[in-house]
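K.L.:
Oh and the sequence shown: position 545 is 600 in this note's numbering, straight run, nothing missing.
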Amino acid sequence: MSQKWRKWLGFQSYDEYQKEYYIRTNLQSGIYLCIIVSVLEIWMLYNVFKNMITHEISRTTRWYVSHISSYCVLLFMALIMLWYAISYLRGKKLSRRVGNFLICTFSLICVLFGMYISRMDFSKGEQVLSFLTMMIFVGCLFAWRPWISLLINGISFLAFYYIMADVGNISYALKINYFIIFISIFSVSINTYEQRRMNVEIDESLEASNIRLRELALKDELTGLYNMNYFYQEADKTIADESISIPDMIFLFFDVVNFKAYNEQYGFIKGNEFLKHIAELLNDTFPNDIVSRFSDDHFMVLSTHPDVEAKVSDIIEKISNDGEDVYIGIKVGAYKPVDRDCNSKIACDHARYACSQNRQAYNETYKIYDDKMRRTYHLKQYIINNIDNAVKEGYLRVYYQPIVDANTREVCELEALLRWIDPKYGFLSPGDFIPTLEEFRQIHKADMAVIDIVCRDIREVLDSGLRPIPVSLNFSRLDFELTNITNYLTEQENKYDIPSEYIHIEITESAIIEDFAELKSAMNSLRTASHEIWLDDFGSGYSSLNILKDYKFDVLKIDMKFLEHIENSEAGHTILKSIIDMANALSIVTLTEGVENDSHAIFLRDIGCKYLQGYLFGKPAPIEDFKEAVKSGKYHLKKTA
Ligand code: C2E
Ligand code: MG
Ligand code: MG
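(1) Locate the beta strand (DSSP E) running through M355, then write down its first and last residues.
(2) Excluding the 5 residues flanking W202 on each side, which residues of the same chain have their C-beta closer than 8 Å to its C-beta?
(3) Taking the beta carbon of V94 as the centre, do at least 16 other beta carbons fall within 10 Å, making it buried, or is it exposed?
(4) Checking 9 Å against the spacing of the C-beta atoms, do Y455 and A445 come in under that value?
(5) Looking at Y670: is its Cβ nearer than 9 Å to the Cβ of T645?
(6) Using a 10 Å radius around the Cβ and a threshold of 16 neighbouring Cβ atoms, would you call G169 buried or exposed?
(7) Near ligand 2, which residues have their beta-carbon closer than 6 Å to a heavy atom?
(8) Which residue marks the beginning of the beta strand (DSSP E) containing D460, and which one marks its end?
(9) List in chain order: all unbroken beta strand (DSSP E) runs of 3+ residues lying wholly within the region 365-399.
(10) Do three or more CB pairs link the region 451-465 to the region 406-414 at distances below 8 Å?
(11) With respect to the beta strand (DSSP E) encompassing Q668, which residues constitute its N-terminal and C-terminal limits?
(12) Within this structure, are the beta carbons of D614 and E648 separated by less than 9 Å?
(13) Leaving out five residues on either side along the sequence, give the residues of the same chain with a beta carbon under 8 Å from the beta carbon of K616.
(14) Sorted by chain position, which residues of the same chain lie with C-beta nearer than 8 Å to I714's C-beta, five sequence neighbours on each side aside?
(15) State the beta-bridge partners of K422 as determined by DSSP.
(16) What is the DSSP secondary structure of H405, reduced to helix, strand or coil?
(17) Can you tell me whether R152 is helix, strand or coil according to DSSP?
(18) Which partner residues does F530 have in the DSSP bridge list?
(19) With the cut-off set at 9 Å, would you say A504 and L451 are in Cβ contact?
(20) Name the one or two DSSP bridge partners that D310 has.
(21) Under the criterion of a Cβ to heavy atom distance below 8 Å, does D426 qualify as lining ligand 1?
(22) If I'm right that P392 touches M304 with Cβ under 8 Å, what's the distance once you round it to whole angstroms?
(23) May I ask you to verify whether the region 493-501 touches the region 547-565, counting CB pairs closer than 8 Å and requiring at least 3?
(24) Which same chain residues, not among the five before or five after V466, have their C-beta less than 6 Å away from its C-beta?
(25) Y551 and R514: beta carbons closer than 9 Å?
(26) Can you tell me which of the three DSSP states F593 falls into?
(27) Which residue marks the beginning of the alpha helix (DSSP H) containing W60, and which one marks its end?
(28) Mind checking whether the beta-carbon of I498 lies closer than 8 Å to any heavy atom of ligand 1?
(29) Could you tell me whether the region 252-267 touches the region 326-340, using the rule of 3 or more Cβ pairs below 8 Å?
(30) With a threshold of 8 Å, are at least 3 pairs of Cβ atoms found where one atom belongs to the region 74-83 and the other to the region 151-164?
(31) Which same chain residues end up closer than 6 Å to S173 when comparing Cβ atoms and leaving out the 5 residues on each side of it in sequence?
(32) If contact is defined by three or more beta carbon pairs under 8 Å, each pair taking one atom from either stretch, is the region 94-103 in contact with the region 227-237?
(33) Say yes only if the C-beta of E619 is nearer than 8 Å to one or more non-hydrogen atoms of ligand 3, and no if none qualify.
(34) So A290 packs on L357, CB below 8 Å; how close in whole Å?
(35) Can you tell me the Cα-Cα spacing of L698 and S624, whole angstroms?
(36) On the CB-based measure, 16 or more other CB atoms within 10 Å of its CB, does S531 come out buried or exposed?
As C-alpha cells, this is what we get:
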C-alpha cells in the first residue's frame, strides 16, 4: 500500500508528538462529552427520584427505575473519564495507555447504552435516537484512525440492525435512513480525523522550527555548546543559587594559541573540526558545569568542580599535543567570584583579562585574576570611561624633555610627552594609559589634546618674548585612521598663529611596519606643511631598513635599548656606530634616546650622533620647570633654535 493510502486510512505509526497531540485533543473532546452525558444522566436520575417521592409511581417512572443501573454505569464512567481528562490536561503525570483505554471503554459503554435504550424505545414503537446520538458523540467528537472508525461504525450499525430486527419490523425506508446516517457519521468522523491530522502535522513542523530557533538562540551552531548570551543567563542563575557556595565557583576562559595559523595551514574545515574537538573535550572534562563557546576560538566554563587546576592542566596538555606542523596551545584565564553580587559578564571579562595577561609568556598557560590585575583592569575601564572628561577637565598635561646638541649640549628641541594627573589615580605615565587608548581606539583624543596644549604653550613663550624651541609630538598610527590629525594640527597652528617649523612629528617605527597608504599620504601632507618628520624608536622592533628607503625622515631617533649594557659590549658599540654611519650616509640626522651617563654622551658624540636625549640632560617636566631651568642657567638654549 502506498504511503499516501496508509496515511489516509490511518495505518501509519505516530511519533511521540503525535501520540501526545491525539490523546490531548481526544481528552479535550472527552471533557465536553462527559459533561453532557453526566448532566443528562443526573437530570434523568433526579427526575426518577423526584417522581418516586412526590407522585404515585407512573408507568414511565417504573420503566426508568428498571433501567437505573445502566444510567449509573454511564454516569460513573463519565465521571472517571472527566477526572482523568482534567488531571491529564492539567499536567499530572498519568499514563497515556490508561487514557486511551478509558476513551475506548467510555465509547464502548456509550454505544452499548445507546443500543440498549434504543432497543427499548424501538420495541415500544418509538424512534432510536439514543443510539444515533451516542454514535454521533463517539464517532464525531473523538478522532479515530479511519480504519478503526470504519470498524466502530460498521460493527455498531450492523449489531444494532440485528438487535432491531430481533424486536420489530424494519421498514425499507428506515433501512435506507440508517444507512445514510451510518455513511454521514463515518464521513464526518473521517473528516474530523483528517483535520486533526493536518493540524498535528502543521503544529509539529512549527514546533520543530521553534525548537530549532530556540536552539539557534541558545546554542553555537558549530560546536553545539551554549552561546555567550545563554551562558550569561545560566551563570547568573548559578551565582544566585544559594545551594552552591561562592568559593566553589570559578570562571575559566580558554583561548587557543596560534589558531589563526592552524586555520591557514589546514583550512577552515579542519579548523572547525579542531574547535569541535575542543568543545567535546571541555564537555567531557566539565560534565556538570556550564560550557560555552563565546566566539571564534574562545571558550568559557563556569565550574564548581573542586579540582579545576588539574582538569585545566589536563586540557592544556591534550590540546598542546594536537598541533601537527603548526604549534598550537591553549591559554586559560580564571576568575573566582567573591560574592553573590558578582555579575557574570564582568566575571567573564575578568577571566578573559587574566588570560590576556599570560598571552605573551610562552610557558605561562594558566592565570588567575589577582589584585594586581584587578587594579590594572579597573584602571583600564576608568581610562576608557574618563578620557573625554580628562581632556575637558585638563587632567592631561604635557611634560617636556630636552633634546640637546651632542657637541655643545645646548637644548635645541623639546619632546612633548603626555601625563595624566588624575584626581582618583594620581600621576599616570603614558605606559599606564596609551596602550589602553590605542586598544579602544581613543588615542586621537589624547593626541589632539597634546596638539592644543603644545600650541598654547608655544604661543605663551612667543608672547613672553622668550626664544621658542621646536617641539616634537608623538603621533600614533591610529591618529591617521581615527581622525584627520593633519588638518587638526593646521587648524590649531592657525588658531594660535604658530609657524609650522616649530612642530615636528614623531612616528614610531612599529607604526610603519605595514604598508599603509593613508599614513604615507598623511606624512606627505605634513611635510608639505613644513613639518619635520622623525622616526621614533628606531631598532626597537623588527625594524626593516626598507622603511628608510620607502619613507623620508628628517631625524632618526635611535631607541634607548641600544645603550643598555653597552659599556661591556664591543658589538653594541659597533652596531650603534653602523646605524649612525648609515643615517649620515642617507643624510638623515641622528638622535639617540636614553642617554643616562656622560660616557654614553661622549661615545655618541664621537661616532657622529647629532642630538642626544636622556635623563643625563633632563627628565620630562612641566613647562614651568623648563622655564625655571633656563632662567637658572641649568639649560642653555641653542642660539639658532
Ligand atoms: P618615546 O616617544 O620613545 O619617549 C621617550 C620615552 O623615554 C619617554 O617615556 C621618556 O620619559 C623616556 N626617557 C627619556 N630619557 C630617558 C632615559 O634617559 N632613561 C630612561 N629610562 N627613559 C628615558 P614616557 O614619557 O614614559 O613615554 C613613553 C612612550 O609613550 C613614548 O615613548 C611614546 O611612545 C608614548 N607617548 C608619550 N607621550 C605621547 C603622546 O602624547 N602621544 C602618543 N601617541 N604617545 C605618547
Ligand atoms: Mg617619542
Ligand atoms: Mg622613543
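Heads up, the beta-carbon is just placed ideally off N, CA and C, and yes, glycines get one too.
P.N.:
So, to answer that:
(1) As a working mapping, residue 355 is identified with position 300 in the sequence shown. Bounds of the beta strand (DSSP E) holding M355 are H353 to S358.
(2) The residue given as residue 202 occupies position 147 in the sequence shown. Same-chain partners within the cutoff: L64, G65 and F66.
(3) For the purposes of this step, residue 94 is taken as residue 39 along the sequence shown, with counting starting at 1. Result: exposed.
(4) The residue you call residue 455 lines up with position 400 of the sequence shown. The residue you call residue 445 lines up with position 390 of the sequence shown. Not a contact, by the Cβ cut-off of 9 Å.
(5) Numbered from its first residue, the sequence shown carries residue 670 at position 615. Numbered from its first residue, the sequence shown carries residue 645 at position 590. Cβ distance not < 9 Å, so Y670 and T645 don't count as in contact.
(6) Residue mapping note: residue 169 aligns to position 114 of the sequence shown, counting from 1. Buried, because 16 or more other Cβ atoms sit within 10 Å of the Cβ of G169.
(7) The set, ordered by position in the chain, is E470, N529, E561 and D591.
(8) Residue numbering aside, residue 460 sits at position 405 when the sequence shown is read from its first letter. Segment L451 to D460, the beta strand (DSSP E) holding D460.
(9) For the region 365-399, whole beta strand (DSSP E) runs of length 3 or above, ordered along the chain, are 384-390.
(10) The region 451-465, when compared against the region 406-414, does not touch it at the 8 Å Cβ threshold.
(11) Working through the sequence shown from its first residue, we reach residue 668 at position 613. Looking at the DSSP string, the run of the beta strand (DSSP E) that includes Q668 is Y666 to Q668.
(12) Taking the first residue of the sequence shown as position 1, residue 614 is located at position 559. Taking the first residue of the sequence shown as position 1, residue 648 is located at position 593. Closer than 9 Å, so yes.
(13) The residue labelled residue 616 in the question sits at position 561 within the sequence shown. In chain order, G594, S595 and G649 place their CB closer than 8 Å to the CB of K616, counting only its own chain and leaving out the 5 sequence neighbours on each side.
(14) Coverage of the chain is limited to positions 56 through 696, which leaves residue 714 absent and any answer about it impossible.
(15) Taking the sequence shown and counting its residues from 1, one reaches residue 422 at position 367. DSSP, once it has assigned bridges, lists G388 as partnering K422.
(16) The sequence position of residue 405 within the sequence shown is 350, counting from 1. Three-state DSSP puts H405 in a helix.
(17) Within the sequence shown, the letter at position 97 stands for residue 152. Correct three-state label for R152: helix.
(18) Within the sequence shown, residue 530 is the residue found at index 475, counting from 1. Its beta-bridge partners are I562.
(19) Sequence index remark: in the sequence shown, residue 504 carries index 449 (1-based). Sequence index remark: in the sequence shown, residue 451 carries index 396 (1-based). At the C-beta level, A504 and L451 come within 9 Å of one another.
(20) The residue you call residue 310 lines up with position 255 of the sequence shown. BP columns for D310 point to H353 and K386.
(21) Position 371 of the sequence shown holds residue 426. No; taking the cut-off as 8 Å, the Cβ of D426 has no heavy atom of ligand 1 nearer than that.
(22) Along the sequence shown, read from residue 1 onward, the residue named residue 392 stands at position 337. Along the sequence shown, read from residue 1 onward, the residue named residue 304 stands at position 249. That belief holds up - the Cβ atoms of P392 and M304 are roughly 6 Å apart, short of 8 Å.
(23) Flag = no, the region 493-501 and the region 547-565 do not touch.
(24) To locate residue 466, count along the sequence shown from 1; it is residue 411. Cβ neighbours of V466 beyond the five flanking positions: P457, V459, Y690 and L692.
(25) In the sequence shown, counting from the first residue as 1, residue 551 sits at position 496. In the sequence shown, counting from the first residue as 1, residue 514 sits at position 459. For Y551 and R514, yes; Cβs fall inside 9 Å.
(26) Position 538 of the sequence shown, counted from the first residue, corresponds to residue 593. Taken through DSSP and simplified to helix, strand or coil, F593 comes out as strand.
(27) As a position in the sequence shown, residue 60 is number 5, starting the count at 1. Q58 to L64 is the extent of the alpha helix (DSSP H) around W60.
(28) Position 443 of the sequence shown, counting from 1, holds the residue named residue 498. Inclusion of I498 in the 8 Å shell around ligand 1 follows from its C-beta lying nearer than that to a non-hydrogen atom of the ligand.
(29) Short answer: they don't touch.
(30) Output reads yes: the region 151-164 touches the region 74-83.
(31) The residue labelled residue 173 in the question sits at position 118 within the sequence shown. Taken in chain order, the residues that qualify are V183, S185 and F186.
(32) No, the region 227-237 is not in contact with the region 94-103.
(33) Within the sequence shown, residue 619 is the residue found at index 564, counting from 1. No - ligand 3 has no heavy atom lying nearer than 8 Å to the Cβ of E619.
(34) Taking the first residue of the sequence shown as 1, we reach residue 290 at position 235. Taking the first residue of the sequence shown as 1, we reach residue 357 at position 302. Between L357 and A290 the Cβ distance is about 5 Å, and since that is below 8 Å, they are a contact.
(35) Lying outside 56 to 696, the shown extent of the chain, residue 698 is not represented and no answer is given.
(36) For the purposes of this step, residue 531 is taken as the residue at position 476 of the sequence shown. Buried, by the Cβ-count rule.
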